[in-house]
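Student: Protein chains in written order, with the working numbering: chain P, 258 to 421; chain E, 2 to 518.
Attaching a single structure in C-alpha cells format; questions to follow.
Below, the structure is given as C-alpha cells:
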C-alpha cells in the first residue's frame, strides 16, 4: 500500500515536473525573442540607456528564471497536470471562440445585436435549459446597457449595418 | 494642530451631499460586487471608473475608496454564510467563518467581521492621518535611485510572500514588467513591441489586464466546475439583526486578534505589493500560533475571523499611504485610483497634501464616514447580499463576463481593449491552471514604468555608474532589505530540500533519456 502510494506520488511529481519544464522552455524561447527585439530597438550606452536597454535585461532575467524553474520545479504546488487534463478545458475553448467571434462581429452587427447574441450563447453554454430565460436575460442586459451606459453616461457603442 | 485642522477640513468636504452620496454609492455597489465571485476590488473599481469621469477629483477618489473597502466587506459575508469568498482576501475567512455558520453562529461571525473591519478601518484612518504628512515630507528625499530601490524591494517582497516557488513568482513579476514596456517609450517616444499596431502605441491598459487576468479567468475556472456539476451553492437562512451582535465572550476573545490584525494589516498595506490577501493570511497564522488551542482553528474559532478581517481592512487603508505620499501605487486598486486622479489633473505625491488639501483630507475623512456607512448599512442588509447569490450561476457567470466587457470598453470606448481583455482572460486561465500566482504579474505591470524610468534616470544622472544605487543611506537600507529577503528565500528552499530534490529529479530524467537513446 505504502509502496503504491509512493509510486503514485512519484508519477504525480513527474507530471508536475513535465508541466513546469514545458512552461520553462516556452518562457525561455519568449525571453530570447524579447532580447533579440530589444537589441533591434537599440541598447545604446549605459551612460544614456536606449529604449531596448531595460527590456533586454528583463528578457535576460526571465531567461535565468526560466532555467532555474526548469532545474528546480515547484513540487510543493497542488497537482496541476495541465497538459494531461486538457479535455477539462474543451468547453472553455468554445467560450473563448465565442468571445473572439463576438469581437469580430461587433462592427458588423453593432454592439447591441452582437451583445444580445453573445449573452444568449454564454447563457446556453453555461447550462441554461430552453430559450425563454436566456433570451429574456440577454434582452434585459442589452436594454439596461442602453439606458445606463448610452443614455446616462453617453458612451458611444459601435453601430452595425442596421444603424444600431 | 495641522492634522486637526486638516481632518476638520476633510469632514467638511466629505459631508457635503455630493461627496456623501459618492461614498454611499461606493460602499453599496462595492459590497454588492464583493459578494459576487470573480469581480474583486480591482474589477469593481475598473467597472465603475467611467462614473468618476463626471465627478470632481475628491468625489472620484471617495467613491473608489468606498468601492474598495465595500468589496472587502462583501467578500467576507459570502465567505461566512456560503463558503464562497467573493474576493481573494476573504479566502481565509471561510476557514472558521463558515464553520461558525455550520455551528449556528453565523450571526456572531458576521457581526465580529463587521466590527473588526470597522475598528481596523478606524485605526487605519488614524494611521493615515498621522503618518501621511511626515511621510510626505520624507518622500521629498526620494530621488530616482531611492524609488528604484523601493520598487525593487516591493518586487522581491511580493515574490517572497506569494504562493509557490520564488522563481515562478519572479517570472510573473518580469512578465508584468515586460507587458508594461509595450507601447511608446517614455523618454524617446520610440514604439516598442507594438508590431506595427496603432492601438498598441499607447501601451496596454491596466483595466483589461486586471479584468481579464482575474475576472474572466475566474469565471472560466468556475464554469469548468459548473459544467462538471460542482460549485452548487446552498444558501442557509440568514441571521436576524439582533443575532449579529457578538456577546461578551466573543468580544473578549476577539479584542486581541482585532488589535493585532489591524496593526499588521496597516503595516502590510504600507508596503508596495502588500495586499489584503497577505495581511489576512499573515494574521490568521499569527492568531493560530498565539492561540492556546491551535488545533481548534478551522473548526469555527472566532479569532480566525476577527484577526484576518481586521487585517484585510487595515491593509486597504494602509495602501493609500504610498499612493498619496509617494505617488507609488502599491496594488491594482491604487493604480486605478492614480489613473482616476490623473484624469482630473491631480498627480499624487509629496506635494498632494499642500497643493490639494481638500482632496487629501476629504479622502481621509471619507474613509471614516465610509466605515460608519458600511456598518450601518450592511448589517441590516446581509439578507439582501446573500440573496444575490441565489441568482443561478448559469446566469451569474455570463453576466460577470458581460460586466468585464462593458467595464473595459467604457474606459476608452475601445474594442481593442475588449480584445486585450479576452486575451488576458485566456492567459490568466492558463496561468492559474498551471498554479502561477498572478498578483506579482499585476504589480510588475503597475510598477514597471516607475522602475524603468527611475533606473534610466539614475544611470543618466550618474553617467552610467552603478554606485548611484548604493550612495545614499535610503538606498543602502532598501537594497539591504532586498538582499535579506532574497537570502531568506534561498535559505528556506535549501532547508526544505527542494534544491537537492530538483537536482536529483533532473539527474534521473537525464539518465532515463540517455537510456532511451
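C-beta atoms are modelled at their ideal positions from N, C-alpha and C, and glycine is treated no differently.
Whole angstroms are fine: how far does the CA of residue 7 of chain E sit from the CA of residue 364 of chain E?
Tutor: Near 11 angstroms, if we compare the C-alpha coordinates of residue 7 of chain E and residue 364 of chain E.
Student: Which residues mark the beginning and the end of the alpha helix (DSSP H) in which residue 1 of chain E is found?
Tutor: The shown model of chain E, from 2 to 518, leaves out residue 1 of chain E, and the question about it has no answer.
Student: Does DSSP put residue 261 of chain P in a helix, in a strand, or in coil?
Tutor: Note that residue 261 of chain P scores 49 on pLDDT, short of 50, meaning its location in the model is unreliable and no value can be drawn from it.
Student: In whole angstroms, give me the CA-to-CA distance for residue 336 of chain P and residue 279 of chain P.
Tutor: For residue 336 of chain P, the predicted structure reports a pLDDT of 44, less than 50, and the residue's modelled location is therefore unreliable. The matter cannot be settled from this model.
Student: Going along the chain, which residues of the segment 160-192 of chain E sit with their C-beta nearer than 8 angstroms to a C-beta in chain P?
Tutor: Under the 8 angstroms Cβ criterion, the segment 160-192 of chain E contributes 164, 165, 166, 168, 169, 171, 172, 175, 176, 178, 179, 182, 186, 188, 189, 191.
Student: I'd like to know if residue 413 of chain E contacts chain P, where contact means its C-beta is closer than 8 angstroms to some C-beta of that chain.
Tutor: No, residue 413 of chain E does not count as interfacial toward chain P.
Student: With three or more beta-carbon pairs closer than 8 angstroms as the criterion, would you say the segment 74-91 of chain E touches the segment 382-392 of chain E?
Tutor: The segment 74-91 of chain E vs the segment 382-392 of chain E: in contact.
Student: Going straight from the alpha carbon of residue 52 of chain E to that of residue 74 of chain E, what length do you get?
Tutor: About 22 angstroms.
Student: Would you mind working out which of P:283, P:358, P:282, P:288 sits nearest residue 179 of chain E, comparing C-alpha positions?
Tutor: For the residues P:283, P:358, P:282, P:288, the minimum Cα distance to residue 179 of chain E belongs to P:288.
Student: List, in order along the chain, the chain E residues whose C-beta lies closer than 8 angstroms to that of residue 363 of chain P?
Tutor: Chain E residues near residue 363 of chain P: 416, 419.
Student: Cβ atoms of residue 126 of chain E and residue 359 of chain E: under 8 angstroms apart, would you say?
Tutor: No, Cβ-Cβ distance for residue 359 of chain E and residue 126 of chain E is not below 8 angstroms.
Student: Which chain P residues are close to residue 465 of chain E, counting only those with a beta carbon under 9 angstroms from its beta carbon?
Tutor: Going along chain P in sequence order, the residues near residue 465 of chain E (Cβ under 9 angstroms) are 302, 303, 304, 305, 306.
Student: On the premise that residue 215 of chain E lies in contact with residue 44 of chain E, defined as a C-beta separation below 8 angstroms, what is that separation, rounded to the nearest angstrom?
Tutor: Right, the Cβ-Cβ distance comes to about 6 angstroms (below 8 angstroms), so this counts as a contact.
Student: Decide if residue 198 of chain E is buried, meaning its Cβ has at least 16 other Cβ atoms within 10 Å, or exposed.
Tutor: So residue 198 of chain E counts as exposed.
Student: How would you write the range of the alpha helix (DSSP H) that residue 444 of chain E sits in, first residue to last?
Tutor: Taken as a continuous stretch (DSSP letters only), the alpha helix (DSSP H) holding residue 444 of chain E covers 440-463.
Student: Would you mind working out which of E:423, E:397, E:398, E:396 sits nearest residue 409 of chain E, comparing C-alpha positions?
Tutor: The shortest C-alpha separation from residue 409 of chain E is found at E:423.
Student: With residue 3 of chain E as the anchor, note down where its alpha helix (DSSP H) starts and where it stops.
Tutor: Taken as a continuous stretch (DSSP letters only), the alpha helix (DSSP H) holding residue 3 of chain E covers 3-15.
Student: Which first and last residues belong to the alpha helix (DSSP H) in which residue 31 of chain E is found?
Tutor: Note, residue 31 of chain E: alpha helix (DSSP H), 18-36.
Student: Taking one C-beta from the segment 450-470 of chain E and one from the segment 143-154 of chain E each time, how about it: are there three or more such pairs within less than 8 angstroms?
Tutor: Output reads yes: the segment 143-154 of chain E touches the segment 450-470 of chain E.
Student: For residue 212 of chain E, which residues of its own chain have a beta-carbon under 7 angstroms away from its beta-carbon, when the five flanking residues on both sides are left out?
Tutor: Same-chain partners within the cutoff: 44, 47, 405, 408, 409, 422.
Student: Is the CB of residue 373 of chain P under 8 angstroms away from at least one CB in chain E?
Tutor: Cβ-Cβ to chain E under 8 angstroms: no for residue 373 of chain P.
Student: If you run the structure through DSSP and keep just helix, strand and coil, what is residue 257 of chain P?
Tutor: In this structure chain P extends from 258 to 421, so residue 257 of chain P is not present and cannot be described.
Student: Tell me the DSSP bridge mates of residue 193 of chain E?
Tutor: Paired residues: E:184.
Student: Could you check how far apart the C-beta atoms of residue 169 of chain E and residue 320 of chain P are, in whole angstroms? I think they sit under 8 angstroms.
Tutor: Residue 169 of chain E to residue 320 of chain P, Cβ: 15 angstroms. No contact.
Student: Strictly under 8 angstroms for the Cβ-Cβ distance: is residue 282 of chain E near chain P by that measure?
Tutor: So no, residue 282 of chain E is outside the interface.
Student: Have a look at E:59, E:21, E:55 and flag the residue whose alpha-carbon is nearest the alpha-carbon of residue 354 of chain E.
Tutor: Considering only alpha carbons, the answer is E:59.
Student: Are the beta-carbon atoms belonging to residue 332 of chain E and residue 266 of chain E less than 8 angstroms from one another?
Tutor: Contact flag unset, no.
Student: With burial defined as no fewer than 16 other Cβ atoms inside 10 Å of the residue's Cβ, what is the status of residue 1 of chain E: buried or exposed?
Tutor: Residue 1 of chain E is absent from the structure shown; chain E starts at 2 and stops at 518.
Student: In the DSSP assignment, what are the bridge partners of residue 305 of chain P?
Tutor: Per DSSP, P:302.
Student: Check residue 276 of chain E in the structure and name its three-state DSSP category.
Tutor: Residue 276 of chain E falls in the coil class under three-state DSSP.
Student: Is residue 323 of chain P close to the ligand ATP? I mean its beta-carbon at under 7 angstroms from any heavy atom of the ligand.
Tutor: In the structure on display, the ligand ATP does not appear, and there are no ligands present to speak of.
Student: To the nearest angstrom, report how far apart residue 411 of chain E and residue 287 of chain E are at their CA atoms.
Tutor: In a straight line, the C-alpha of residue 411 of chain E is about 43 angstroms away from that of residue 287 of chain E.
Student: What residues of chain P sit near residue 441 of chain E, judged by a beta carbon separation below 9 angstroms?
Tutor: Per Cβ cutoff of 9 angstroms: no residues; residue 441 of chain E is ~12 angstroms from chain P at best.
Student: Suppose contacts are defined by Cβ-Cβ distances below 8 angstroms. Is residue 306 of chain P in contact with residue 193 of chain E by that definition?
Tutor: Going by C-beta atoms, residue 306 of chain P is not nearer than 8 angstroms to residue 193 of chain E.
Student: Would residue 453 of chain E pass as an interface residue toward chain P - the criterion being a Cβ-Cβ separation below 8 angstroms?
Tutor: Yes - at least one Cβ of chain P is within 8 angstroms of the one on residue 453 of chain E.
Student: Go ahead and pull the three-state DSSP assignment for residue 118 of chain E.
Tutor: The answer is helix: DSSP assigns residue 118 of chain E an H, G or I state.
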